[in-house]
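There are 2 protein chains.
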Amino acid sequence: MSNEAETKVFGRRVRRLEDRALVTGKGRYLDDIQPAGCLAAAFVRSPHAHAAIQSIDASEALEMPGVRGVYTMEDLAPFLTGRRLVVGLPSAAIRLQVDRPVLADGEVVHVGEPIAIVIADTRSQAEDAAEALFVDFDPLPVVSDCRDALRDGAPTVHRDGPHNCLATFGFSFGDVDAAFSTATHTVSGTYEVHRGGAHSIEGRGVVAMPDPVPDRSTDRLLVWSSTQTPLALKKVLCQLLDRDDDGVRVHTPDLGGGFGPKLVTYPEEVAVAAVASMIARPVKWVEDRQEHFVATAQERDQVWDMAMAVDAEGRILGIRGTLLHDHGAYTARGLNIAYGSGVTVPLPYNVGAYGIDISVVLTNKVPTAPIRGAGQPQAAFVMERLLDKAAAAVGIDRAEIRRRNLVRADQMPCEKPLKLRGGGNIVLDSGDYPATMESALKRVDWDGFAARRQASREKGLLRGIGLANYVEGTGRGPYESVKVEISRNGRIQATTGAAAMGQGTETMIAQIVAEQLGGELSLVSVRTGDTDNPLGFGGFNSRQTVVAGASAHAAAIKVRDSMLKLAGHLLETSPDDLEVLPGRVALKGVGDRHVTFADLASASLGLPGYPLPGIETPGLSARESVVINDMAYTNGTAVAEVEVDPDTGSVEVLDFTFAHDCGRMVNPDLVDGQIVGAVAHGLGNALFEHMLFDQEAQPLTTTFADYLMVTAAEMPTVEILHTESPSPLNALGVKGVGESGVIPITPAVASAIDDALSEFGVHIARAPVSPQAVRAEILQAQSGGQAS
Amino acid sequence: MSNEAETKVFGRRVRRLEDRALVTGKGRYLDDIQPAGCLAAAFVRSPHAHAAIQSIDASEALEMPGVRGVYTMEDLAPFLTGRRLVVGLPSAAIRLQVDRPVLADGEVVHVGEPIAIVIADTRSQAEDAAEALFVDFDPLPVVSDCRDALRDGAPTVHRDGPHNCLATFGFSFGDVDAAFSTATHTVSGTYEVHRGGAHSIEGRGVVAMPDPVPDRSTDRLLVWSSTQTPLALKKVLCQLLDRDDDGVRVHTPDLGGGFGPKLVTYPEEVAVAAVASMIARPVKWVEDRQEHFVATAQERDQVWDMAMAVDAEGRILGIRGTLLHDHGAYTARGLNIAYGSGVTVPLPYNVGAYGIDISVVLTNKVPTAPIRGAGQPQAAFVMERLLDKAAAAVGIDRAEIRRRNLVRADQMPCEKPLKLRGGGNIVLDSGDYPATMESALKRVDWDGFAARRQASREKGLLRGIGLANYVEGTGRGPYESVKVEISRNGRIQATTGAAAMGQGTETMIAQIVAEQLGGELSLVSVRTGDTDNPLGFGGFNSRQTVVAGASAHAAAIKVRDSMLKLAGHLLETSPDDLEVLPGRVALKGVGDRHVTFADLASASLGLPGYPLPGIETPGLSARESVVINDMAYTNGTAVAEVEVDPDTGSVEVLDFTFAHDCGRMVNPDLVDGQIVGAVAHGLGNALFEHMLFDQEAQPLTTTFADYLMVTAAEMPTVEILHTESPSPLNALGVKGVGESGVIPITPAVASAIDDALSEFGVHIARAPVSPQAVRAEILQAQSGGQAS
């Protein structure tokens with residue numbers, strides 16, 4: 001790939017294949033799926049953050065119009081092999097096992113926890129009946145904050161739990177104590193990043209239907225779910241419903257966004273599938289927004305106490321501290337957010353020593369699970385905040401301290417003394433981090449900022465500029481299968497379990513496949529998110545272009561080789577004399593002698609009684625599962641320029657520059673789309689989105705009127721600068737990009753706010769940074785103290 | 001395989017896996033498939049053997065209760081890419097292309113040809129409306145007999161056809177003229193085998209349904225058909241309905257027998273699928289018995305003029321002659337029956353020279369296509385009849401002349417100077433034909449027959465004994481895919497497009513797979529006849545145990561190897577120290593250290609972020625398509641002992657011995673079942689079944705009252721003797737057996753009748769041999785002439 005001077009479609013800004021359908025109303029989202037005779041489900045959810053369930057009385061609900069049934073954990077249990085969804089990855093660090101029950105199992109541990117599923121003819125009937133269900137709760141003490149959870153005498157999140165510390169683990173390398181004892185400067189801070197959600201446009205939803213025409217030998221359950229991980233859902237359903245691997249098919253329709261929470265397999269998905277199976281009817285449940293606020297995974301809830309030691313020139317000698325990670329009430333996914341936070345801190349820089357102790361703590365809140373960035377934005381926030389503080393201590397420019405510490409191009413590949421979750425080494429694979437940063441600084445005229453600051457000041461506004469670097473581990477392995485096949489009508493079919501959440505997965509795979517197979521995109525059909533053939537894990541961790549891309553590439557090359565061999569046989573020539581053109585394989589330079597894809601596909605399957613024509617294996621088809629264990633590290637620099645109104649505390653982002661390097665780009669338009677979307681997400685994290693709970697862990701922000709999302713009005717123009725340092729870890733040289741845009745936003749914005757408020761000596765240590773917080777910082781500074 | 005002293009399940013008489021469901025009413029046949037909202041189809045069929053269609057008036061039919069639509073060729077054509085089913089295999093011998101239209105295309109050429117499809121709410125409504133359709137026919141001249149078809153001035157079967165000779169070809173080796181000119185004796189005869197059907201218990205049928213829950217990217221048509229070749233049907237549907245290969249799924253439910261006619265892809269299947277697609281509703285058509293008599297493929301209609309030259313000792317110097325094969329009015333499958341007849345004649349014997357000219361001739365009758373034996377029973381009839389005549393001419397025993405000519409064990413593998421249809425050589429792969437024959441003769445006490453003849457004579461009955469040898473080419477290539485997979489619940493799933501017509505395909509594959517994977521049959525599920533994953537051709541030509549068996553074996557070994565490797569990694573030992581036991585892989589000789597199939601399957605798929613545990617490719621799954629181009633030749637000897645009542649002409653088969661060698665047997669019970677069923681089929685061919693047409697090609701036998709099937713009352717006890725000469729062509733050493741039982745029956749019975757009537761000098765030259773025919777032979781002999 002990388003040797004070719006010119007490509008046909010790979011790397012080009014081609015239009016997204018999925019867009020014609022999506023923009024003409026032909027998208028098929030979960031709620032568009034309406035099998036004949038489909039019943040509606042609604043969930044009865046806990047109003048308490050912690051309570052024992054004494055009894056449930058469904059008698060009134062069952063009498064209501066249209067109601068077909070009400071099912072609790074006790075009703076489902078006889079049809080399940082277990083009562084809980086075991087979804088966490090194994091880890092020696094885990095001290096408590098808190099797997100989620102399919103429905104509340106005698107106790108509720110967060111507001112919104114599903115207690116019963118009501119089935120009715122219509123959704124409104126189901127909702128009415130859900131309200132009529134009588135649940136006798138016995139309220140129990142609540143843990144709302146992760147710091148409180150570890151205090152002596154704290155109530156336990158689970159009635160019978162021994163304590164609230166789910167796991168403790170850490171990372172360390174180098175001699176941290178020596179680093180701090182020999183340092184010229186040490187800086188430290190307590191950093192908090194508050195809870196928020198992902199808020200995909202479409203919430204979750206699931207349809208489950210027994211096979212309408214079952215065979216004698218198979219009794220399949222057909223499931224559609226708005227999930228990023230159809231294969232993971234299938235695994236859980238096969239296990240809990242005791243079915244063969246081909247006894248469940250999960251298919252993802254169009255997804256109105258994923259962003260992380262939809263990678264979790266949820267109790268609602270199991271409950272709907274179990275009931276559909278029990279009553280032999282199709283059942284649909286579609287999450288409403290209020291449910292999304294209390295029952296869909298959230299993230300970012302972390303408290304860091306961290307310190308950095310630097311020498312006289314600002315070189316980082318060591319970093320140490322602690323991280324408290326709020327896990328919520330159950331394990332929805334595992335330790336990966338806290339793990340990702342812990343390893344990400346020192347990644348972009350040369351850091352002499354590192355030591356962090358991490359506690360993953362239970363609270364009576366909805367479980368956390370990765371949201372775009374998966375713990376890495378918090379790590380970048382902490383690291384970049386400390387660097388700003390250190391620059392001030394050393395007395396050098398914020399860009400300069402980064403220049404002095406960034407991992408250099410001549411260090412690549414650069415092995416870090418840290419391990420991946422699966423045991424492999426963390427090796428930064430490629431990139432020129434300083435050059436990427438300089439490209440951003442050049443674009444924003446970093447050194448000429450003083451004049452712009454002055455101009456704002458004349459309007460009564462405080463202007464600031466800030467920057468942040470990031471490195472993201474992308475393309476998590478081990479694999480994602482892709483099958484490529486030439487149909488007898490000459491079309492190219494690619495199938496994968498990789499999910500498309502709207503990020504252009506179909507286009508990405510089509511470009512990679514078409515590049516090898518004649519370059520005609522219109523001949524390629526891509527089916528994503530179908531568990532029927534492929535193996536893999538789904539869409540998360542900015543992984544699909546890397547792992548599914550690598551498999552698509554390998555499969556397309558295999559099919560290409562078979563086509564050339566077969567065409568050589570049919571055209572009685574050497575495959576070396578042939579080239580693959582759109583829809584046909586032809587003699588190089590001789591326009592007329594060719595054989596079409598359609599004829600090749602038919603010939604490849606053979607005829608009864610006849611030998612295969614020049615090939616050993618029938619069919620033009622290959623399913624590949626390229627195994628990639630190392631991660632490909634994307635890097636970049638964000639520079640934000642803001643104006644703060646000192647009177648209101650409001651922050652306006654005037655300009656945003658995002659210089660990044662995600663290796664070779666399959667389609668720069670897709671990359672740009674991911675970056676701009678992620679910047680919007682990041683600005684929400686930095687300035688607006690805050691999922692608030694009171695002391696009783698009652699959620700306070702359960703509508704978009706309370707929980708503020710970024711709108712177009714708040715979005716600056718985003719200037720995107722591309723660098724392409726191919727990853728040496730995969731044949732295409734690609735890295736992931738889906739999440740990276742979000743990672744450096746909060747620290748860049750915080751740095752810019754600090755800079756705007758430099759006269760007050762403000763250091764932003766909490767996100768999101770609300771106008772009230774800015775005002776409090778100013779007032780506190782003016783009164784000579786520090787904001788609370 | 002063949003090196004193992006003992007097997008676990010391979011070769012054992014285990015109970016058929018499919019039988020519990022089938023005998024408890026849980027079989028799921030085509031008519032059991034009833035999707036919600038399914039409409040019924042009935043076909044309007046031609047009452048004429050040949051007529052032009054002037055016009056069709058559906059107005060009355062359309063007014064009838066429940067009728068949803070009436071569709072002719074003109075109505076379907078806009079939705080199809082072509083008007084005809086192109087199903088024949090390529091051959092230079094073909095002089096006329098007579099592919100079948102989806103519905104009659106302005107002309108009907110046999111009684112029963114479908115003209116229109118009527119869709120109604122119920123089948124009876126559809127049938128009533130079909131009767132009300134007005135078709136204005138213009139009758140045309142008819143060709144009813146294949147001999148008449150070639151006469152000068154014969155009308156043409158197709159109005160615009162240039163002649164009626166579809167194809168001419170032949171076989172020859174050696175110097176035939178020299179053989180005849182130097183022969184001591186020459187014998188000759190005209191042999192006729194009349195037309196008959198296969199008459200599976202369940203007729204044909206098809207259900208087509210648009211995907212009830214289509215995805216944005218796929219719009220699948222789901223089809224169920226009582227077919228032996230789901231993959232062939234899918235191919236035709238994709239082509240005519242212009243769909244991607246994954247745009248059509250064909251699945252075979254349980255089949256109440258196949259026997260050949262269901263290997264054809266029929267116009268009705270296309271018409272039903274096209275209408276279901278057009279009107280977006282499920283549609284079902286189930287053939288009734290009368291339709292089966294006029295619209296389902298028939299066979300056996302051949303006229304042979306043949307001669308044999310032998311030396312003084314009865315050694316065969318040469319065979320020559322001609323074969324007229326009645327093709328019916330269209331090509332339903334190709335030239336394979338006539339081809340198979342032509343090559344089979346000299347196979348079991350050492351024949352010095354051979355020359356045959358074959359004409360494949362059109363008639364205005366339902367098309368012919370292979371029925372169990374596919375032309376080989378006719379060849380055996382001719383060859384064995386000539387041998388009996390030659391034995392008489394030489395003056396030696398019928399067994400002795402065979403002894404002197406049979407291919408010997410020391411000649412194996414024995415290349416014949418003949419070619420397979422696909423170009424490969426015909427090589428008899430293994431066997432000891434004389435030993436097989438002797439085993440049969442020993443069992444029947446051939447030499448002690450005179451005493452038994454005398455005992456019958458004392459009852460006024462004429463007793464005779466007869467024998468016949470056969471060799472059948474089985475296991476036609478090139479391949480049939482099988483996928484084997486370990487499910488995460490520890491079950492073993494095997495999937496194949498190979499069709500199960502009742503012969504025990506599921507059991508056969510399960511035994512082959514289980515043999516490699518622990519030997520526990522109850523852990524294996526086999527899905528047959530599904531076009532979704534596998535590639536291949538289906539069930540015909542006694543091929544599935546050979547080709548699908550070979551693929552199942554190879555796939556199971558691949559999965560076994562992966563399991564051992566993975567288990568070695570997990571148990572930290574060498575795979576060599578492990579053995580595969582039922583449901584687990586364990587340390588040899590150490591009972592306790594093991595890992596279950598379920599755990600292996602889960603581990604094999606990996607976890608996100610973790611390397612695969614000791615394996616390179618995820619999953620315990622393999623799809624294999626073992627390519628086998630050479631055929632495996634089954635052989636055997638049938639000996640029939642009959643009593644003829646000279647007054648009524650009735651023939652009673654007293655005793656039937658069948659000694660055969662189909663290589664290694666996967667399950668002798670399955671083999672016995674195939675043999676006994678085939679003997680019944682063969683006795684029908686020999687004595688009863690005769691599809692009669694008059695001079696206008698009007699069928700005269702369209703009920704079981706007219707067309708006589710063998711019943712239990714006519715069945716003798718069949719003594720089966722097994723020899724096992726492993727085929728060297730596949731790893732299992734297996735050969736096919738599904739058809740072989742039928743091949744030597746007619747000649748063995750004819751030989752026995754001749755023997756019974758030896759005092760009259762009768763030589764049976766036509767089958768079936770009815771009581772009237774026997775009486776005619778006796779009367780003719782008594783009057784000194786020859787029967788007409």
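So the sequence lines, in the order shown, correspond to chains B and U.
The opening position of the first sequence corresponds to residue 1 in the working numbering, with each subsequent residue numbered one higher.
The opening position of the second sequence corresponds to residue 1 in the working numbering, with each subsequent residue numbered one higher.
Ideal placement from N, C-alpha and C gives every residue a C-beta, glycine not left out.
No experiment lies behind these values; they were computed from the predicted model shown.
Continuous alpha helix (DSSP H) stretch holding residue i: start and end
i, result
"Val444 of chain U", "Tyr433 to Val444"
"Arg452 of chain B", "Phe449 to Glu458"
"Ser59 of chain U", "Ser59 to Leu62"
"Pro377 of chain B", "Gln376 to Val394"
"Asp75 of chain B", "Met73 to Leu76"
Contact with chain B by residue i, beta-carbon distance below 8 Å
i, result
"Leu605 of chain U", "yes"
"Asn685 of chain U", "no"
"Glu4 of chain U", "Low confidence applies here, because Glu4 of chain U scores a pLDDT of 47, under 50, leaving its location unreliable and the question unanswered by this model."
"Val427 of chain U", "no"
Boundaries of the beta strand (DSSP E) in which residue i is found, first to last residue
i, result
"Ala632 of chain U", "Ala632 to Val644"
"Ile486 of chain U", "Val482 to Ile486"
"Arg310 of chain U", "First, the residue type needs correcting, since residue 310 of chain U is Val and not Arg in the sequence shown. Start and end: Gln302 to Val310."
"Ala792 of chain B", "Residue numbering for chain B in the displayed model covers 1 to 788; residue 792 of chain B lies beyond these limits and cannot be assessed."
Cα-Cα separation, residue i to residue j
i, j, result
"Ser562 of chain U", "Ile486 of chain U", "11 Å"
"Pro700 of chain B", "Asp706 of chain B", "Before going further, note that residue 700 of chain B is Leu rather than Pro in the sequence given. Rounded to the nearest angstrom, the two C-alpha atoms are 8 Å apart."
"Leu140 of chain U", "Glu113 of chain U", "15 Å"
"Thr596 of chain U", "Val585 of chain U", "6 Å"
"Leu323 of chain U", "Cys146 of chain U", "11 Å"
"Glu4 of chain U", "Arg593 of chain U", "Summary for Glu4 of chain U: the model assigns pLDDT 47, below 50, so the residue's position carries little reliability, and this model does not support an answer."
"Val118 of chain U", "Leu692 of chain U", "29 Å"
"Ser2 of chain U", "Gly170 of chain B", "Confidence at Ser2 of chain U is low in this model, with a pLDDT of 42, below 50, so the placement of that residue should be treated as unreliable; the coordinate-derived value is given next. So the two alpha carbons sit approximately 57 Å from each other."
"Val272 of chain U", "Val283 of chain U", "6 Å"
"Thr190 of chain U", "Trp304 of chain U", "5 Å"
C-beta neighbour in chain U for residue i, strict 8 Å
i, result
"Arg28 of chain B", "yes"
"Pro253 of chain B", "yes"
Residues bridged to residue i (per DSSP)
i, result
"His251 of chain U", "U:Trp224 and U:Asp530"
"Asp655 of chain U", "U:Glu641"
"His660 of chain B", "B:Gly636 and B:His722"
"Arg794 of chain B", "A query on residue 794 of chain B cannot be resolved here, the shown segment of chain B reaching from 1 to 788 and no further."
Taking only beta carbons into account, state which residues of the region 541 to 559 of chain U come closer than 7 Å to chain B, listed in chain order. Cβ contacts with chain B: none found.
Going along the region 487 to 511 of chain U in order, which residues come within less than 7 Å of chain B, judged by CB to CB distance? Ser487, Arg488, Asn489, Arg491 and Gln493
Interface positions of the region 28 to 55 of chain B facing chain U (Cβ-Cβ less than 8 Å), listed along the chain: When C-beta distances to chain U are compared with 8 Å, the residues of the region 28 to 55 of chain B below that value are Arg28, Ile33, Pro35, Ala36 and Gly37, in chain order.
For the region 208 to 225 of chain B, list every residue whose C-beta sits within 9 Å of some C-beta in chain U, in sequence order. Met209, Pro212, Val213, Pro214, Asp215, Arg216, Ser217, Thr218, Leu222 and Trp224
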